[in-house]
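Visitor:
In our numbering, the protein residues as written are 989 to 1269.
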């Protein structure tokens, strides 16, 4: 394995196609492009990345205690087997078309258009702000203690498990499939529209018109904010809710159980079979 310490590189492809093992320590990758493209078996420790596209088409690499500056946009695309720990990411458009990614103790300060078209991602203790469209078309995701601020998250994603998280995100889980969220807070308008097999367990839900047009929606022991009105329109749902729901509108089938519901709207626009059972304590 080649070992490089306390050096500076810039320009195009300065460390291109290093596939026999490479360790970088206290290295700065300055302006330029594709510094480590086509590499394999790479470890970067205490490094700073300022140039574009450093990790493209890479196999098997570990990143520890590093910083990706704004100029390192689109840093990790078309890669396989990335492990990232204790790292700060200031650049947008990270992680595209990658497989087998593990992040722990990572903070994104501009996570726009991040994690698109990816597969097999595990995140623990991750914070992402300005994260519009994060996790679009990404499948097989496991998340624990995720703090998210950004809209349109997890759209079209499949096979997702989220635990102990705080999600501030409107239009989340649109057209998603097989998503389960445990012990989390979800705040944002139009939650889960057109989803299939969305399951929320011990979750706190806020934002207008949540959980409409859902197929096989399940809520277990959840609570609703006062702004979460007009819920469940045209959804097939099995919901057990603690406390009060402001309003429920035209659920399609299944059942809804809550301590109280302020308004139940069943009008001429309800869709067949239109037989959802609604119960209050």
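For every residue, glycine included, the Cβ atom is placed at its ideal position computed from N, Cα and C.
Give me, in chain order, the residues of the same chain whose beta-carbon lies closer than 7 Å to that of residue 1127; leave out the 5 immediate sequence neighbours on both sides.
Guide: Taking the chain shown and counting its residues from 1, one reaches residue 1127 at position 139. If we look at residue 1127 and ignore the five residues flanking it on each side, its Cβ neighbours are 1107, 1145, 1146, 1147.
Visitor: Where are the beta strand (DSSP E) runs, 3 residues long or more, that stay fully inside the stretch 1093-1176, in chain order?
Guide: You should have 1107-1116, 1127-1137, 1146-1151, 1154-1156, 1165-1170, 1173-1175.
Visitor: Rank 1015, 1261, 1150, 1143 by C-alpha distance to the C-alpha of residue 1135 and give the top, closest one.
Guide: The residue given as residue 1135 occupies position 147 in the chain shown. Here the closest residue by C-alpha is 1150.
Visitor: Given that a residue counts as buried once 16 or more other Cβ atoms are within 10 Å of its Cβ, and exposed if not, what is residue 1238?
Guide: Counted from its first residue, the chain shown places residue 1238 at position 250. It is buried - the Cβ of residue 1238 has at least 16 other Cβ atoms within 10 Å.
Visitor: Quick check on this structure: which residue in 1264, 1250, 1017, 1186 has the alpha carbon closest to the alpha carbon of residue 1221?
Guide: What you label residue 1221 is simply residue 233 of the chain shown in a count that begins at 1. When each option's Cα is compared against that of residue 1221, the closest is 1264.
Visitor: Roughly how many whole angstroms lie between the Cα atoms of residue 1034 and residue 1009?
Guide: Along the chain shown, read from residue 1 onward, the residue named residue 1034 stands at position 46. Along the chain shown, read from residue 1 onward, the residue named residue 1009 stands at position 21. Taking the straight line joining both Cα atoms gives about 17 Å.
Visitor: What span of residues does the beta strand (DSSP E) with residue 1211 cover, start to end?
Guide: The sequence position of residue 1211 within the chain shown is 223, counting from 1. Unbroken beta strand (DSSP E) run through residue 1211: 1205-1212.
Visitor: What does the Cβ neighbour count give for residue 1176, buried or exposed, with the cut at 16 atoms within 10 Å?
Guide: The residue labelled residue 1176 in the question sits at position 188 within the chain shown. By the neighbour-count rule (16 or more Cβ atoms within 10 Å), residue 1176 is buried.
Visitor: Can you tell me which of 1065, 1209, 1037, 1072 puts its alpha carbon nearest to the alpha carbon of residue 1049?
Guide: On the chain shown, residue 1049 is found 61 positions in, with the first residue counted as 1. The candidate whose alpha carbon is nearest that of residue 1049 is 1072.
Visitor: Mapping the DSSP letters down to three states, classify residue 1058 as helix, strand or coil.
Guide: Here residue 1058 refers to the residue found at position 70 of the chain shown. Helix.
Visitor: If distances are taken between C-alpha atoms only, which option among 1188, 1243, 1262 comes closest to residue 1268?
Guide: In the chain shown, the residue the question calls residue 1268 occupies position 280. When only C-alpha atoms are compared, the closest one is 1243.
Visitor: With a CB to CB cut of under 7 Å and the five nearest residues on each side skipped, what residues in its chain are close to residue 1184?
Guide: Mapped onto the chain shown, residue 1184 falls at position 196. For residue 1184, where only same-chain residues beyond five positions count, the Cβ hits under 7 Å are 1165, 1203, 1204.
Visitor: Taking DSSP's pairing of strands, which residues face residue 1047 in a bridge?
Guide: Here residue 1047 corresponds to residue number 59 of the chain shown, with the count starting at 1. In the DSSP output, where bridge partners are listed per residue, residue 1047 has 1028, 1068.
Visitor: Determine the closest residue to residue 1207 out of 1058, 999, 1229, with distance taken between C-alpha atoms.
Guide: On the chain shown, residue 1207 is found 219 positions in, with the first residue counted as 1. Checked all of 1058, 999, 1229; the closest Cα to residue 1207 is 1229.
Visitor: Check the C-beta distance from residue 1007 over to residue 1028 and give it rounded, since I have them as a contact under 8 Å.
Guide: One-based indexing of the chain shown puts residue 1007 at position 19. One-based indexing of the chain shown puts residue 1028 at position 40. Contact flag correct, Cβ pair sits at about 4 Å.
Visitor: So what does residue 1265 bridge to, in DSSP terms?
Guide: Along the chain shown, one-based indexing puts residue 1265 at 277. 1243.
Visitor: Return helix, strand or coil for residue 1217, following the three-state DSSP convention.
Guide: Taking the chain shown and counting its residues from 1, one reaches residue 1217 at position 229. The answer is coil: DSSP assigns residue 1217 none of H, G, I, E or B.
Visitor: Can you give the Cα-Cα distance for residue 1096 and residue 989, rounded to whole angstroms?
Guide: Residue numbering aside, residue 1096 sits at position 108 when the chain shown is read from its first letter. Residue numbering aside, residue 989 sits at position 1 when the chain shown is read from its first letter. Rounded to whole angstroms, residue 1096 to residue 989 spans 30 Å at the Cα level.
Visitor: Within the present structure, is the beta-carbon of residue 1051 separated from the nearest heavy atom of the ligand NAD by less than 7 Å?
Guide: Absence of the ligand NAD from the depicted structure is noted, as is the absence of any ligand whatsoever, leaving it without description.
Visitor: Could you tell me how far apart the beta carbons of residue 1081 and residue 1061 are, in whole angstroms, since I believe they sit closer than 8 Å?
Guide: Translated into the one-based positions of the chain shown, residue 1081 becomes position 93. Translated into the one-based positions of the chain shown, residue 1061 becomes position 73. That pair is a contact at about 5 Å.
Visitor: Can you tell me whether residue 1101 is buried or exposed, with buried defined as 16 or more other CB within 10 angstroms of its CB?
Guide: Against the chain shown, residue 1101 aligns to sequence position 113. That one is buried.
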